[in-house]
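What follows is one structure encoded as structure tokens, with my remarks underneath.
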Amino acid sequence: KIMIYEKETYHFLFLHFPIALFIIGYLYTFLAFFLKDDTFHKFGFWNLGLGILFGIFSIITGFITDNEIMGHMDNPLPVWTTHGTHMIVSILLFIIFFIFKIYFRKFIKEKYFLFMHTLLLLFFIHGTHIGAKLADRI
Numbered sequence: 028k029i030m031i032y033e034k035e036t037y038h039f040l041f042l043h044f045p046i047a048l049f050i051i052g053y054l055y056t057f058l059a060f061f062l063k064d065d066t067f068h069k070f071g072f073w074n075l076g077l078g079i080l081f082g083i084f085s086i087i088t089g090f091i092t093d094n095e096i097m098g099h100m101d102n103p104l105p106v107w108t109t110h111g112t113h114m115i116v117s118i119l120l121f122i123i124f125f126i127f128k129i130y131f132r133k134f135i136k137e138k139y140f141l142f143m144h145t146l147l148l149l150f151f152i153h154g155t156h157i158g159a160k161l162a163d164r165i
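To get our numbering, take the position in the sequence shown, counting from 1, and add 27.
Here it is as structure tokens:
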């Protein structure tokens, strides 16, 4: 069985996609709110969906990396200080948010969606920061 990379390298390859997609998706949503342009809303929505998809891949590859070299998920709590748990919770919250955007957009004012999106993005970025510290990137 030949692999191009070591198993843990795949996490480092995947993790940048959800970071970029969630941030760009948020910027599109921000522009949609202030410019009242539905095209920006669609771009933000698709970036959010793709961010969730790549976030799931990042979690899977993160488990592989943790099993191979880190081991921090042996103690998954508290959420606020454990990268893996933080990111799982973050992606689950983004999934719930995505579903709400699909089914409740007509009933909930856009400013509340923007506020929730802001909080979710900040929570997500905090989790990525913990991961960067765990990998000795900062």
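Ideal Cβ placement from N, Cα and C applies to all residues, glycine included. All values derive from a computational prediction rather than experimental measurement.
What residue range is occupied by the uninterrupted alpha helix (DSSP H) comprising residue i?
i    : result
V116 : 110-130
D65  : 65-92
M143 : 137-161
H38  : 36-41
State the Cα-Cα distance for the pair residue i and residue j, rounded to the nearest angstrom.
i    : j    : result
F90  : Y37  : 11 Å
G111 : L80  : 16 Å
V71  : Y139 : Strictly speaking, residue 71 in this sequence is Gly, with Val absent from that position. If you take the alpha carbons of G71 and Y139, they lie about 15 Å apart.
A162 : F124 : 29 Å
F49  : A59  : 15 Å
L119 : F151 : 11 Å
On a CA-only basis, which of the options is nearest residue i? Give me that one, please.
i    : options              : result
I83  : H144, I46, L149, T56 : I46
H153 : L120, R164, H113     : H113
L75  : I126, F39, H156      : I126
I96  : K136, E33, I165      : E33
H68  : T155, K128, L149     : K128
Since residue i contacts residue j with CB under 8 Å, what's their CB separation in whole angstroms?
i   : j    : result
E35 : T92  : 4 Å
I86 : I115 : 6 Å
>> Is it the case that the region 131-146 contacts the region 51-58, given that we only count it when at least three CB pairs across the two stretches are under 8 Å?
In response: yes
> Do three or more CB pairs link the region 119-133 to the region 57-65 at distances below 8 Å?
Replying inline: no
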